[in-house]
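Let me begin by presenting the structure, written as structure tokens, before commenting on it.
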Amino acid sequence: MKLKATAALAITVVLWASAFPAIKVGLDGYGVAGLSFARLAVASAVLLLAAPVLGVRRPRRADLPAIAGCGLAGMSAYQLLLNWGEVHVPAGTASLLVSVAPVFSALLAAAFLGERLTAAKLLGSAVALGGSALIATGGGLGYSGAAWAVLAAAAVQAVYHLGSKPLLRRYTGLEVACYAMWAGTLFLAPLAPDAVHAFATAPPEATLAVVFLGAFPSAAGFVAWGYAVARHSLTVATAALYLVPAVALAVAFAWLGERPTWVDLAGGALSVAGVVLINATVRRWAGQGNSRKIENPAQRRGPPARR
């Protein structure tokens with residue numbers, strides 16, 4: 007059982023890491039608008055077909071506003087901002103910037119949920135954001151603006167995490183991801199004509215990238231993550247996700263020939279170090295018998311930012 011869970015975790019890391027270079031390929035034929043809608047539409051269709059097999063329940067009507075908010079932030083806005091950013095930012099660099107989403111989650115949880123903001127969390131946040139700022143200011147004007155857009159994508163992922171916390175008391179992380187995916191697709195429905203037009207003119211590799219993004223990182227990745235965290239400790243699952251930027255850099259080099267700069271690598275190292283510090287603090291605090299301790303990762307752990 008553990009072997010299957012470890013394999014699912016490895017699959018999750020590879021799928022979410024490969025999403026960043028696949029976005030670059032999809033953008034070449036679909037543009038920001040077309041890619042954003044098409045990816046979510048493919049993912050929604052796959053998850054809708056798989057929902058009965060996966061045991062996804064219908065959400066309660068009272069939860070629909072919260073689900074809509076999660077879909078708008080974590081799916082619609084995230085896709086638009088990340089895709090826009092990757093027009094100028096290399097795929098591997100984008101993965102490094104998105105990896106700081108836990109920093110924004112910690113800050114929002116302190117501001118709106120009253121969660122304790124320790125000195126270690128503050129230090130981790132400062133280190134991670136400092137690394138991100140180093141990356142964002144390391145290029146020209148167009149590069150910097152796009153890098154800040156990718157950072158904004160990480161921030162809206164934090165909004166998604168904040169909004170999903172009440173839902174995770176009643177639904178599994180996979181169910182919340184499905185609901186948010188379907189809602190996010192509806193919000194981007196006005197962009198459907200862009201996707202249809204692009205489909206008629208895009209090169210085959212761009213269309214294949216779109217199908218891959220929707221069916222695998224956005225759909226299969228969530229399923230694999232849900233399976234893994236239900237059988238692994240939260241510590242192991244979170245630690246595995248630190249590999250996503252490194253794998254993304256490797257895939258981007260092999261697929262696209264991208265070579266990160268030393269500034270990108272230095273900033274990325276700082277960002278990941280800061281996130282590690284924050285997550286280590288959260289786990290230590292939860293392990294000391296705090297009343298907000300996470301009882302069941304499968305129920306309380308929603309999908310993280312890398313996809």
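Heads up, the sequence shown is in this note's numbering, so the first residue is 7 and it goes up one at a time.
Even glycine gets a Cβ: it sits at the ideal position worked out from N, Cα and C.
- In the pairwise beta carbon analysis, the region 72-81 is classified as not touching the region 244-262: fewer than three pairs are separated by under 8 Å.
- Nearest Cα to A160 within the set K8, L88, L192, K10: L88.
- Non-local C-beta neighbours of G280 in its own chain, meaning closer than 6 Å and more than five positions away in sequence, comprise G130, V133, A134, ordered along the chain.
- Shown here, V253 sits in a helix according to DSSP, grouped into three states.
- Taking C-beta atoms under 8 Å as the contact rule, A230 and A14 qualify, at a distance of about 4 Å.
- Taking the Cβ atoms as the reference, V48 lies roughly 7 Å from V216, within the contact range of under 8 Å.
- The beta-carbon separation of A234 and T18, rounded to 6 Å, stays under the 8 Å limit for a contact.
- Between the C-alpha atoms of Q163 and Y84 there is a straight-line separation of about 7 Å.
- The criterion of a C-beta distance shorter than 7 Å is satisfied by V257 and P27.
- If you compare the alpha carbons of L114, G136, G40 with that of W90, the shortest gap goes to G40.
- Rounded to whole angstroms, the gap between the alpha carbons of P71 and L119 is 19 Å.
- According to the DSSP assignment, L41 belongs to the alpha helix (DSSP H) that extends over 8-60.
- In the structure shown, K171 falls within a coil segment according to DSSP collapsed to helix, strand and coil.
- For the options A126, A245, P65, the alpha carbon positioned closest to that of R175 is the one of P65.
- Spanning the alpha carbons of L283 and A126 requires a straight line of approximately 7 Å.
- L194 sits in coil when the DSSP states are folded into three classes, being neither helix nor strand.
- Remark: C-beta atoms of M187 and S42 do not approach each other more closely than 7 Å.
- Apart from the 5 residues on each side of it in sequence, L128 has no Cβ closer than 7 Å to any other Cβ in its chain.
- Residues of the same chain with a CB within less than 6 Å of the CB of A225, apart from the 5 flanking positions on each side, are A49, V52, L53 in chain order.
- With distances taken between CA atoms, V31 lies nearest to T213 out of P223, T213, N285.
- Here the alpha carbon of A107 sits roughly 32 Å from the alpha carbon of V202.
- The Cβ atoms of E264 and G144 do not sit closer than 7 Å to each other.
- Burial of G274 is indicated by the presence of at least 16 other C-beta atoms within 10 angstroms of its C-beta.
- Assigned with DSSP and collapsed to three states, E121 falls in coil, not helix or strand.
- Inter-residue distance for D200 and T124 is about 46 Å (C-alpha atoms, whole angstroms).
- Cβ-Cβ separation between L60 and L194: approximately 23 Å, too far for a contact (criterion under 8 Å).
- Exposed is the label assigned to L9, since fewer than 16 other Cβ atoms lie within 10 Å of its Cβ.
- Annotated three-state conformation of A68 is helix, per DSSP.
- Minimum Cα-Cα distance from L180 among the listed residues T12, A44, A57 corresponds to A57.
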